[in-house]
Structures are given as structure tokens and as C-alpha cells.
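Written below as C-alpha cells is the structure these notes are about.
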Amino acid sequence: MKYIVLCSTILLTSCAGLVSQNEYPSIEKECEISEDSNSEPCKIASMNDWTEDEKEHHMGFVNFFPNTGVPQDCSKAKYWFEKAAKKGNAKSLDGLGGLYFTGCGVDRDFKKAEKYYLLANERGSRNAMANLGDLYHEGGYGLKEDPDKAMYWYQLAIEDTPARAYSGIANLYIDQENYEEAHKNIVKAAD
């Protein structure tokens, strides 16, 4: 009886270790599991001109944004973003920032979001500057609201993501009740 209890304990401990590692199937295995050659994992797996980290990033993206036909799975998004980020993928660093900004699968933590957005920006992410603007505009969750920093990042983002940048700037002007400048920037965002 002691032998059965000991074996059961070892087996349960081993299984718990596997779950805590948060391992998910490979992209190819995800495709097989889906049993649909038009599924997002199958489409991603077939992108032969994409690097491994680009495929991993996209797996994170489709699990983060449920409008891709894949149900939102924040843990899986984090797993794939982390895999790609370890390989230097700027978009995945930005994605990790997004998880901490929204609290998707993690405790909402703007300091961690800031860390990932800054790394993503250093590596050339096109969205990181606007995301930093949003982060400093909203403030909270460990990070002080800072309209000046928000404006700085939105102005830098104008070249890469003009609609988001001008919209963010307009919101800053709305907060200041400067509706004339807000209107000018909303028009720029629409253009």
C-alpha cells in the first residue's frame, strides 16, 4: 500500500511539474489537433517564408486577439510571445507589454508593460511608441500617469502609427479641455 501511495505521489508531482511549465504543442501539432487545414495554426505552420520567431509571435497574436477565429487564450498568448521574445522578436516584446497593460492572463502591471514596451521600441516595434503613449496617458497599476511623457511618445509614434498617435494626442487635449486642439488631432487621425 505504501508503494502505491509513493508511486501515486511521484506521478502526481511529475504531472504537476508538466502543467506548471505551461508547455503547449508545437505549431504543427496545433494544426493537427485542429483537424482543419484552414485553421490559424495550419496557416501559420505553412508560412515557409516566415522565421520561427515570426510564427511564434503570430501564434501569440492569434491567441491574444480573439477576432482571428481562435478563442482568446491569454496563457497561450504569453507562452508564444515569450518564446519569440527570447529570440529578439520586437513584436512579441510589444505583445508581452500588451498582456501586462490589459491584465490578460497576468496581474495588470504597468511597470512590466513599460519594460516590455521600451524593449520593443529599442528593437524597432512600430506599435511600441503609441503603446507607451497610452500607458503614460492612463497611468495606474504601479505607474504614475504622466501626460508629458504620453505626449512625447505619441509625437514619436506619428510616423509609424499616425491614426493612433493623433487619436492619443486628441485625448490628451480633451483631458485638458482644449477642444480646438483635440478636434485638429482627431481630424488628422481620421485622415
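Residue numbers (the numbering used here): 903 to 1093.
We put the CB at the ideal spot given by N, CA and C, even for glycine.
Judged by DSSP secondary structure, ASN1087 falls within the alpha helix (DSSP H) whose first and last residues are 1081 to 1092. When the five nearest sequence neighbours on each side are left out, the beta carbons in the same chain lying within less than 6 Å of the beta carbon of CYS944 are those of CYS933, in order along the chain. By the neighbour-count definition (other C-beta atoms within 10 Å, threshold 16), GLU958 is a buried residue.
For the stretch 1023 to 1058, the continuous alpha helix (DSSP H) assignments of 4+ residues that do not extend past its boundaries occur at 1030 to 1040, in sequence order.
In the three-state reduction of the DSSP assignment, ARG1066 falls in the helix class, which pools H, G and I. In the DSSP assignment, ILE929 falls within the alpha helix (DSSP H) that extends over 929 to 936. Around the CB of GLY990, fewer than 16 other CB atoms lie within 10 Å, so the residue is classed as exposed. Of the other Cβ atoms in all chains shown, fewer than 16 fall within 10 Å of the Cβ of MET949; this residue is therefore exposed. For PHE967, there is no enclosing alpha helix (DSSP H), as DSSP gives it neither H nor E. Counting C-beta pairs with one atom in each stretch, the stretch 1005 to 1022 and the stretch 1058 to 1065 have fewer than three that are closer than 8 Å, which means they do not touch. Per DSSP, THR1004 is one residue of the alpha helix (DSSP H) stretching across 992 to 1004. Here PHE1012 is near TYR1043, since their CB atoms are less than 7 Å apart.
Between GLY1035 and GLY1070, the gap from beta carbon to beta carbon is short of 7 Å.
Remark: C-beta atoms of ARG1025 and ALA987 do not approach each other more closely than 7 Å.
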